[in-house]
Amino acid sequence: MKKNFFLFFLLTSCLKLDNSNPVVPNYNVIANLVSGNDTQYVFFDKTYKPYEEHHYGLEGARIFVYNNNVNYQFNYPKTIDTINYYYSTFNPNPNDSFYLKVITPTSETLFSKTYIPGSFQIIQPSDNETITIPSNKLIIWTRSSNAYIYKINVYKNLRDSTKFEIPYLSNDTFSDLLKYPYFFPDSGLWTISIMAVNEPLYYYLSLGKGNVDNAVGVFGGVVLRKVRVYVK
0 MKKNFFLFFL
10 LTSCLKLDNS
20 NPVVPNYNVI
30 ANLVSGNDTQ
40 YVFFDKTYKP
50 YEEHHYGLEG
60 ARIFVYNNNV
70 NYQFNYPKTI
80 DTINYYYSTF
90 NPNPNDSFYL
100 KVITPTSETL
110 FSKTYIPGSF
120 QIIQPSDNET
130 ITIPSNKLII
140 WTRSSNAYIY
150 KINVYKNLRD
160 STKFEIPYLS
170 NDTFSDLLKY
180 PYFFPDSGLW
190 TISIMAVNEP
200 LYYYLSLGKG
210 NVDNAVGVFG
220 GVVLRKVRVY
230 VK
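Going by numbering that gives the first Met the number 0, the first residue of the sequence shown is number 0, and it counts up by one from there.
Right, here's the structure in full:
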């Protein structure tokens, strides 16, 4: 479940249309490579009209993610909460670039490219640290190169998490350490998750502007880091 949190987070509101494009493509593709997860997922489906029944995943596509060094083919299906995904087992490296190729059941070819932001580390709190209430704790992490925005989730339960964003900070900013204060409301085992999000994914989540040729959707990249803390 924890490995799939970023996937759940995206798909709660991810299927967006770019209103600047008057022609609605036949297919939806949401592919986000997560450095920090051992399995990668792609959501592929047809574009439904308002009166059509949604099926939450369409079989019959051939999906590849590749660059000059690797070529991964995705399998189908992996069902999570009634949604069917294509999946492949690999953990992309930070600062790497990838291409996406989808051959649809009707032999259309959908294409995109993306990059993974640079690596970073959570400096404070440390993994398995014990924090005493009341305590305002600074979350501190190192900068990720090429990250357009940072998304932070603090949670006990993945489905009931506190989410907030740290907006884009230029590499010209004086400090290479980023900070955000957080107050833990009660005791227990908490997880702090920080995602360094690349530019294509940021624009899709905020504006619905996709980057997949001939399809609605996005091919994005993030770096995910997590620590667990004990609050008492």
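Glycine included, every Cβ here is placed at the ideal spot set by N, Cα and C.
The beta strand (DSSP E) enclosing residue i, as first and last residue numbers
{"i": "Ser144", "result": "It is not in any beta strand (DSSP E) - Ser144 carries neither H nor E in the DSSP assignment."}
{"i": "Lys178", "result": "Leu176 to Phe182"}
{"i": "Glu128", "result": "Glu128 to Ile130"}
{"i": "Met231", "result": "A small correction: the amino acid at residue 231 is Lys; Met does not occupy that position in the sequence shown. That residue, Lys231, is in no beta strand (DSSP E); it is neither H nor E in DSSP."}
Through-space distance from residue j to residue i, alpha-carbon basis
{"i": "Val215", "j": "Val23", "result": "8 Å"}
{"i": "Ser144", "j": "Ala60", "result": "34 Å"}
{"i": "Tyr181", "j": "Leu204", "result": "24 Å"}
{"i": "Asn27", "j": "Gln72", "result": "18 Å"}
{"i": "Ser106", "j": "Phe97", "result": "22 Å"}
Heavy atom of the ligand COA within 7 Å of residue i beta-carbon
{"i": "Gln120", "result": "With respect to the ligand COA, the structure offers nothing, as it holds no ligand at all."}
Beta-carbon proximity list for residue i, same chain, < 6 Å, skipping 5 on both sides
{"i": "Thr38", "result": "Tyr86 and Thr88"}
{"i": "Asn90", "result": "Asp37"}
{"i": "Ser111", "result": "Leu99, Asn210, Val211 and Phe218"}
{"i": "Asn170", "result": "Because the pLDDT of Asn170 is 48, which lies under 50, any placement of that residue in the model is unreliable, and the question is left without a value."}
Local conformation of residue i per DSSP, three classes
{"i": "Asp212", "result": "strand"}
{"i": "Leu236", "result": "In the structure displayed, the chain extends from 0 to 231; residue 236 sits before or after that span and is not available."}
{"i": "Leu57", "result": "coil"}
{"i": "Pro76", "result": "strand"}
{"i": "Tyr154", "result": "strand"}
Spatial neighbours of residue i in its chain, beta-carbon cut-off 8 Å, leaving aside the 5 residues before and after
{"i": "Lys231", "result": "Thr129, Ile130, Thr131, Ile132 and Ser186"}
Among the options, the one whose alpha carbon lies nearest that of residue i
{"i": "Ile82", "options": "His53, Tyr149 and Phe73", "result": "His53"}
{"i": "Tyr40", "options": "Leu188, Tyr47, Val221 and Ala30", "result": "Ala30"}
{"i": "Thr78", "options": "Glu58, Ser125 and Gly207", "result": "Glu58"}
{"i": "Tyr64", "options": "Gly56, Asp80 and Leu109", "result": "One point to set straight first is that residue 64 is Val, not Tyr, in the sequence displayed. It is Leu109."}
{"i": "Lys155", "options": "Phe183, Asn92, Ile138 and Tyr149", "result": "Phe183"}
{"i": "Trp140", "options": "Asp44, Leu223 and Ser34", "result": "Leu223"}
{"i": "Trp189", "options": "Val221, Lys225 and Glu198", "result": "Lys225"}
{"i": "Tyr149", "options": "Asn74, Val101 and Glu198", "result": "Glu198"}
Contacting residues, own chain, Cβ-Cβ under 7 Å from residue i (five flanking each side not counted)
{"i": "Ser125", "result": "Val226"}
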